[in-house]
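Count along the sequence shown starting at 1, add 16, and that's the number in our numbering. A virtual CB, placed ideally from N, CA and C, is assigned to each residue, including glycine. Shown next, in structure tokens, is the structure this report addresses.
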Amino acid sequence: MRFETLTVHTGRPIEPGTGAVTPSITLSTTFERADDGSFRQDIYTRLGNPNRSALETALAALEGGKAALAFASGQAAAAAVLQSLTTDDHIILSDDLYHGVRHYAQEVMSRWGLQYDSADMRDPTNVKRALKPNTRLVWLETPSNPSLKIVDIAAVAEIAHQAGALCLVDNSWATPVLQRPLQFGADIVMHSTTKYLGGHSDVLGGALILRETSGGLEERLRTIQTLGGSVPSPFDCWLLLRSLPTLPIRVREQSASAEKIAFYLNEHPRVEVVHYPGLPTHAGHEIAGAQMSSFGGMLSFQVKGGQAEALAFAGRLNIFTRATSLGGVESLIEHRASIEGADSPTPPNLLRASIGLEHVDDLIDDLAQALET
Ligand SMILES: *Cc1c(COP(=O)(O)O)cnc(C)c1O
17 MRFETLTVHT
27 GRPIEPGTGA
37 VTPSITLSTT
47 FERADDGSFR
57 QDIYTRLGNP
67 NRSALETALA
77 ALEGGKAALA
87 FASGQAAAAA
97 VLQSLTTDDH
107 IILSDDLYHG
117 VRHYAQEVMS
127 RWGLQYDSAD
137 MRDPTNVKRA
147 LKPNTRLVWL
157 ETPSNPSLKI
167 VDIAAVAEIA
177 HQAGALCLVD
187 NSWATPVLQR
197 PLQFGADIVM
207 HSTTKYLGGH
217 SDVLGGALIL
227 RETSGGLEER
237 LRTIQTLGGS
247 VPSPFDCWLL
257 LRSLPTLPIR
267 VREQSASAEK
277 IAFYLNEHPR
287 VEVVHYPGLP
297 THAGHEIAGA
307 QMSSFGGMLS
317 FQVKGGQAEA
327 LAFAGRLNIF
337 TRATSLGGVE
347 SLIEHRASIE
357 GADSPTPPNL
367 LRASIGLEHV
377 DDLIDDLAQA
387 LET
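This is the structure:
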């Protein structure tokens with residue numbers, strides 16, 4: 017089956033008892049056992065629930081993986097991966113990645129003995145250089161947050177595998193509509209499903225999708241998921257599953273609009289630089305073109321001037337809302353340096369935009385009036 021058909025039908029069978037076309041929400045936390053102690057499907061909702069199983073089945077299918085695990089947030093999914101490592105393991109993180117992952121490695125996992133280094137993975141030889149005998153995991157994001165750097169997934173996965181390490185790709189921005197990292201050799205795909213997969217800024221969630229189920233990784237992660245207990249509620253799983261059939265059309269439209277906006281901003285005299293892999297001048301344009309089917313709904317740009325000019329410009333926008341997060345139906349704009357804190361490497365005049373489903377000409381008009389006043 018093709019991707020669009022999978023999004024509509026995987027994890028959504030007609031319910032045998034009632035004929036319901038849309039899945040029911042199973043709120044029960046516990047499930048009846050038979051006289052011999054056996055159970056039908058689930059025992060207790062922290063361990064498993066019909067809505068979570070349906071969501072996990074769908075997510076595995078969309079990324080082309082053998083298994084998926086759903087979590088209460090993207091950070092819970094990321095934390096589970098880090099907790100699956102052992103004391104004194106070493107990991108390599110992309111130098112430009114979701115700040116919460118770096119902070120978790122730094123503030124929590126370092127106390128457990130996890131060592132990490134960062135590398136600019138646009139040049140895969142930097143990954144090779146950062147390898148240590150105890151490197152177990154290489155963690156990358158492409159396009160990256162917030163600078164839209166592009167990393168060659170196949171090249172980095174190969175370097176990781178040669179060193180006996182796993183390769184994880186945070187695919188929250190590209191989504192499986194535009195990029196399927198497991199096909200390029202990644203072992204784990206991570207999602208903040210809060211973003212495009214949820215798509216409506218109304219549900220928090222995370223997921224891990226695995227290329228293989230052998231090797232013990234799935235069991236280790238499953239144990240952390242069910243014993244750690246950072247699981248999504250049945251309603252959250254239901255909302256996410258409901259969002260998946262519209263994922264392809266949402267993401268393609270958002271990506272087409274972002275591309276038009278990137279070209280518009282790129283020509284504007286008050287804009288210093290636009291970071292968008294769809295621009296032919298972007299350093300990662302060719303690699304992105306090879307591993308993505310289009311360039312995505314996220315872009316960032318630096319307005320001329322400093323932090324004050326960037327904040328004032330964002331304040332003049334009427335359709336874009338100044339808020340964090342991304343991937344929803346509404347366009348959002350954010351000054352990343354403010355949210356990332358004092359140690360942020362993000363330039364002070366950089367704004368990050370998540371392009372929604374408004375008419376692209378209205379968005380361009382809004383940007384134009386805010387740039388020209
Ligand atoms: C938002 C985000 C996360 C964190 O996910 P939460 O759902 O907020 O916990 C991780 N990675 C990326 C790329 C994100 O955008």
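What are the complete beta strand (DSSP E) segments, minimum 3 residues, inside the stretch 194-267? 204-208 and 222-226
Across the stretch 121-134 and the stretch 220-234, are there enough close Cβ pairs to call them in contact, namely three or more that are closer than 8 Å? no
Reduced DSSP secondary structure (H/G/I, E/B, other) of SER354: Counting from 1 along the sequence shown, the entry for residue 354 is found at position 338. SER354 falls in the helix class under three-state DSSP.
Can you check which of these residues, ARG49, ASN142, LEU164 and ILE303, is closest to ASP112 by C-alpha distance? By one-based count along the sequence shown, residue 112 stands at place 96. Of ARG49, ASN142, LEU164 and ILE303, the residue nearest in Cα terms is LEU164.
Taking GLN131 as the reference, give the member of LYS144, THR103 and ALA353 with the closest Cα. As a position in the sequence shown, residue 131 is number 115, starting the count at 1. Checked all of LYS144, THR103 and ALA353; the closest Cα to GLN131 is THR103.
Could you tell me whether the stretch 175-189 touches the stretch 143-158, using the rule of 3 or more Cβ pairs below 8 Å? yes
For PHE279 and GLY312, what's the separation of their Cα atoms in angstroms? Sequence index remark: in the sequence shown, residue 279 carries index 263 (1-based). Sequence index remark: in the sequence shown, residue 312 carries index 296 (1-based). In a straight line, the C-alpha of PHE279 is about 14 Å away from that of GLY312.
Ignoring anything shorter than 3 residues, give me the beta strand (DSSP E) runs that lie fully in the stretch 41-108, in order along the chain. 83-87
Quick one: which unbroken alpha helix (DSSP H) runs of 4-plus residues sit fully inside the stretch 121-206? Chain order, please. 141-146, 169-178 and 191-194
Are there three or more Cβ pairs, one per stretch, closer than 8 Å when the stretch 49-64 is compared with the stretch 254-272? no
Among all the DSSP beta bridges, which residues are the ones paired with VAL376? Residue numbering aside, residue 376 sits at position 360 when the sequence shown is read from its first letter. Partner(s): none; VAL376 has no beta bridge.
Any non-hydrogen atom of ligand 1 closer than 7 Å to GLN91 Cβ: If you number the sequence shown from 1, residue 91 lands on position 75. Yes; taking the cut-off as 7 Å, the Cβ of GLN91 has a heavy atom of ligand 1 nearer than that.
Considering just the uninterrupted stretch of the beta strand (DSSP E) at ARG368, what are its terminal residues? Within the sequence shown, numbered from 1, the residue matching residue 368 stands at position 352. Note, ARG368: beta strand (DSSP E), 366-370.
Distance between THR42 and GLU48 (C-alpha atoms, nearest Å): On the sequence shown, residue 48 is found 32 positions in, with the first residue counted as 1. On the sequence shown, residue 42 is found 26 positions in, with the first residue counted as 1. Straight-line Cα distance between these residues: approximately 13 Å.
Supposed contact pair ILE175 and LYS148 - C-beta distance, whole angstroms, cut 8 Å: Here the question's residue 148 lines up with position 132 in the sequence shown. Here the question's residue 175 lines up with position 159 in the sequence shown. Not a contact, Cβ separation roughly 13 Å.
Looking only at its own chain, which residues have a Cβ that is under 8 Å from the Cβ of ILE277, when we skip the five neighbours before and after it? Locating residue 277 in the sequence shown gives position 261, counting from the first residue. Answer for ILE277: LEU315, ALA369, ILE371, VAL376, LEU379, ILE380 and LEU383, listed in chain order.
Where does THR362 fall in DSSP's three states? The residue labelled residue 362 in the question sits at position 346 within the sequence shown. THR362 falls in the coil class under three-state DSSP.
Name the residue from ASP203, ALA326, ALA84 and GLU283 whose alpha carbon lies nearest to the alpha carbon of CYS183. Start at 1 with the first residue of the sequence shown, and residue 183 comes out as number 167. Minimum Cα distance to CYS183 is reached at ASP203.
Range covered by the beta strand (DSSP E) that runs through GLU288: The sequence position of residue 288 within the sequence shown is 272, counting from 1. Unbroken beta strand (DSSP E) run through GLU288: 287-291.
Does the beta-carbon of GLU120, which I'm using as the reference point, lie nearer than 7 Å to any heavy atom of ligand 1? In the sequence shown, the residue the question calls residue 120 occupies position 104. Residue identity differs from the one stated: residue 120 is Tyr in this sequence, not Glu. Checking every heavy atom of ligand 1 against the Cβ of TYR120, none is found closer than 7 Å.
At a cut-off of 7 Å, is SER249 close to ligand 1 when judged by its beta-carbon and the heavy atoms of the ligand? Locating residue 249 in the sequence shown gives position 233, where the first residue counts as 1. It does not: the Cβ of SER249 is nowhere closer than 7 Å to a heavy atom of ligand 1.
Could you spell out where the beta strand (DSSP E) holding PHE317 opens and where it closes? Translated into the one-based positions of the sequence shown, residue 317 becomes position 301. Run containing PHE317: 314-319, per the beta strand (DSSP E) assignment.
ASN187 to ASP52 span [Cα, whole Å]: Residue 187 sits at position 171 when you count from the first residue of the sequence shown. Residue 52 sits at position 36 when you count from the first residue of the sequence shown. Distance between the alpha carbons of ASN187 and ASP52 is about 44 Å.
Check: LEU75 C-beta below 7 Å from any heavy atom of ligand 1: Position 59 of the sequence shown, counted from the start, is the residue given in the question as residue 75. Not so, every heavy atom of ligand 1 lies at least 7 Å from the Cβ.
Exposure label - PRO361; buried when at least 16 CB within 10 Å: To locate residue 361, count along the sequence shown from 1; it is residue 345. It is exposed - the Cβ of PRO361 has fewer than 16 other Cβ atoms within 10 Å.
Close-in-space but distant-in-sequence residues of the same chain around GLY81 (CB under 6 Å, 5 per side omitted): Position 65 of the sequence shown, counted from the first residue, corresponds to residue 81. Cβ neighbours of GLY81 beyond the five flanking positions: LEU198, ILE225, LEU226 and ARG227.
Can we count TYR114 as close to ligand 1, meaning its CB is less than 7 Å from some heavy atom? Numbered from 1 along the sequence shown, position 98 holds the residue referred to as residue 114. At least one heavy atom of ligand 1 is nearer than 7 Å to the Cβ of TYR114, so yes.
Element boundaries [alpha helix (DSSP H), containing PHE329]: Residue mapping note: residue 329 aligns to position 313 of the sequence shown, counting from 1. Note, PHE329: alpha helix (DSSP H), 323-332.
Between which two residues does the alpha helix (DSSP H) holding GLY305 run? As a working mapping, residue 305 is identified with position 289 in the sequence shown. GLY305 -> alpha helix (DSSP H) spans 301-307.
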